[in-house]
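Asks: All the letters of the sequence shown, read from the start, carry residue numbers 1 to 284 under this note's numbering.
Just so it is clear, CB atoms sit at the ideal spot from N, CA and C, and this is done for glycine as well.
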Amino acid sequence: MPSPGTLIIVATPIGNLGDISRRAVESLGHADIVACEDTRVTAKLLTAYDIHTPMLAYHEHNAARMRPLLLDRLRAGHIVALVSDAGTPLISDPGYKLVEAVVAEGLAVTAAPGASAVLTALVLSGLPSDRFLFAGFLPPKGAARRTEISLLAAIPATLIFYEAPSRVAAMLADLHSVLGNRQAAVARELTKLFEEVRRGSLEELAAHYAEAATPRGEIVVVVGPPRASDQKEPDEVKIDRLLTAALAEHSISEAAALVAAETGQPRRVVYARALQLRKATEAV
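1. Based on the DSSP output, what are the partners of Val55 in its beta bridges?
2. Nearest-angstrom Cα distance between Ala280 and His250?
3. With a threshold of 6 Å (Cβ to nearest heavy atom), would Val237 be considered close to the ligand GDP?
4. At the level of alpha carbons, what is the spacing between Ala257 and Gln276?
5. Straight-line CA distance for Pro54 to Leu82?
6. Please give me, in chain order, every unbroken run of the beta strand (DSSP E) with length at least 3 that falls completely inside the region 113-157.
7. I'd like the span of the alpha helix (DSSP H) that includes Leu202, first residue to last.
8. At what residues does the alpha helix (DSSP H) containing Ile239 begin and finish?
9. By a C-beta neighbour count over all protein chains shown, 10 Å radius and 16 as the cutoff for buried, is Lys232 buried or exposed?
10. Output the distance between the C-alpha atoms of Leu152 and Gly77, rounded to the nearest integer angstrom.
11. Excluding the 5 residues preceding and the 5 following Lys192 in the sequence, name in chain order all residues of the same chain whose CB lies nearer than 8 Å to its CB.
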């Protein structure tokens, strides 16, 4: 049993309520309060295991207001369990700010690990898992999204993203245009009744989701690392790729400065190429 004044990070099921560790169930039962993303969702879990621990909502809209209250509880010696709606807390939610505050106070933090959509999608993708980067959600707007993807392009690791169903087709198209035709996988409704993992090249996946109906459920996109040929990209091709992404967000001068700094090329050379690309775009 955790000692008084401990924050427990508890992983809850992604799908089936039975997919929860014994340690997680015991942690929820021993806690004095459960801080959760949505009390309605967590109530179903607690009811299923006959747990009667009081709940308190803690999510991105009230986190700044609730953190001091939770810290007061911990200082008073209460055990606080932190859960999300599904999977492991702190992955793309405000839980890390609570842990940061608890650590700063010198209070205890422990975890009851379990399900994680990120790791589940990675192991189901069939892509290299020895090195990976979870990049969360990409920007919703196309230009900003392509710029962000270009910054991740050279990372020698499998990339993992969350994405909203309504944006997955556009996101895959942008991944293909910036990263090339890497192998990838789209995982949907992991561990649930309608779990689906679709594997293929980015070109194939982009084409499929452009034609298919908008998918339902929570989506994780996994993209393989750069191939050896990707790492040997000619300087002029790389500069054009980076400039195209930068020009969508910045002026010619700003884009040239950013790309020159990233590639080490003379700014005047990059600026001249940026002018050519801008003129070619305007001529279309």
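Replies: Answer, in terms of the structure:
1. Here the question's residue 55 lines up with position 55 in the sequence shown. At residue 55 the sequence reads Met, which differs from the Val that was named. BP columns for Met55 point to Val34.
2. Numbered from its first residue, the sequence shown carries residue 280 at position 280. Numbered from its first residue, the sequence shown carries residue 250 at position 250. CA-CA distance, Ala280 to His250, rounds to 17 Å.
3. This structure does not include the ligand GDP; it has no bound ligands of any sort.
4. On the sequence shown, position 257 is the one that residue 257 refers to. On the sequence shown, position 276 is the one that residue 276 refers to. Going from the Cα of Ala257 to the Cα of Gln276 covers about 16 Å.
5. Indexing the sequence shown from 1 puts residue 54 at position 54. Indexing the sequence shown from 1 puts residue 82 at position 82. Each residue's Cα considered, the two are about 12 Å apart.
6. 132-137
7. The sequence position of residue 202 within the sequence shown is 202, counting from 1. Its alpha helix (DSSP H) spans residues Leu202 to Glu211.
8. As a first step, residue 239 must be located in the sequence shown, where it is residue number 239. Element bounds for Ile239: Asp235 to Leu247.
9. Here the question's residue 232 lines up with position 232 in the sequence shown. Low confidence applies to Lys232: its pLDDT is 46, below 50, so where it sits in the model is not reliable, and the reading given next is rough at best. It is exposed - the Cβ of Lys232 has fewer than 16 other Cβ atoms within 10 Å.
10. Residue 152 sits at position 152 when you count from the first residue of the sequence shown. Residue 77 sits at position 77 when you count from the first residue of the sequence shown. Cα to Cα, Leu152 sits roughly 43 Å from Gly77.
11. Within the sequence shown, residue 192 is the residue found at index 192, counting from 1. Around Lys192: Ile14, Gly15, Asn16 and Gly217.
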